[in-house]
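Input: a single structure, listed below in structure tokens.
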Amino acid sequence: MNTIEPEIIEPITHNSNSTSKFGILALSILFDAIGMLSFAIPGIGEFSDVIWAPISALLVFKMYQGAVGKIGGMVSFIEEIVPGLDFIPTFTLTWIYKYVIKKGNV
4 MNTIEPEIIE PITHNSNSTS KFGILALSIL FDAIGMLSFA IPGIGEFSDV IWAPISALLV
64 FKMYQGAVGK IGGMVSFIEE IVPGLDFIPT FTLTWIYKYV IKKGNV
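Going by the numbering used here, the first residue of the sequence shown is number 4, and it counts up by one from there.
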């Protein structure tokens, strides 16, 4: 029977900071999926982007805070409001920048 070593699981389950990071990642993936839904409804999708753009900008700003949140919010707004750019996963890319590139680890 395969078991996972406790020292591998412990940092993930007992570190609230790590859990918080991955919770934010899960939300980021969800919000990126919502932003990409406009591709599923031709014609109406472009109109929904007008509604989703400010909401997504506010969500990025609140989720990531500070300079990263401000810049991410602006990028998210532009990405959603400009037709054809909905495929860019802005929330997830912001998470990667904040927790992987900027911090140097996950």
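Where a beta carbon is used, it is the ideal one built from N, C-alpha and C, also for glycine.
Contiguous alpha helix (DSSP H) assignments of at least 4 residues, all confined to the stretch 33-106:
47-67, 69-84 and 93-99
- When you compare only the Cα positions, how much space is there between Leu40 and Met66? Your numbering for residue 40 matches position 37 in the sequence shown. Your numbering for residue 66 matches position 63 in the sequence shown. The alpha-carbon atoms of Leu40 and Met66 are separated by roughly 21 Å.
### Query
Within 10 angstroms of its Cβ, does Ser59 collect 16 or more other Cβ (buried), or is it exposed?
Numbered from its first residue, the sequence shown carries residue 59 at position 56. By the neighbour-count rule (16 or more Cβ atoms within 10 Å), Ser59 is buried.
- Out of Lys24, Glu83, Thr95 and Phe25, state which residue places its alpha-carbon closest to the alpha-carbon of Phe57. Residue 57 sits at position 54 when you count from the first residue of the sequence shown. Sequence check: residue 57 is Pro here, not Phe. Looking at the Cα atoms, Glu83 is the closest of the given residues.
Point to revise | Nearest to Leu33 (by Cα), restricted to the options Phe94, Pro86 and Ile104 | key: For the purposes of this step, residue 33 is taken as the residue at position 30 of the sequence shown. The residue with the shortest Cα to Cα distance from Leu33 is Phe94.
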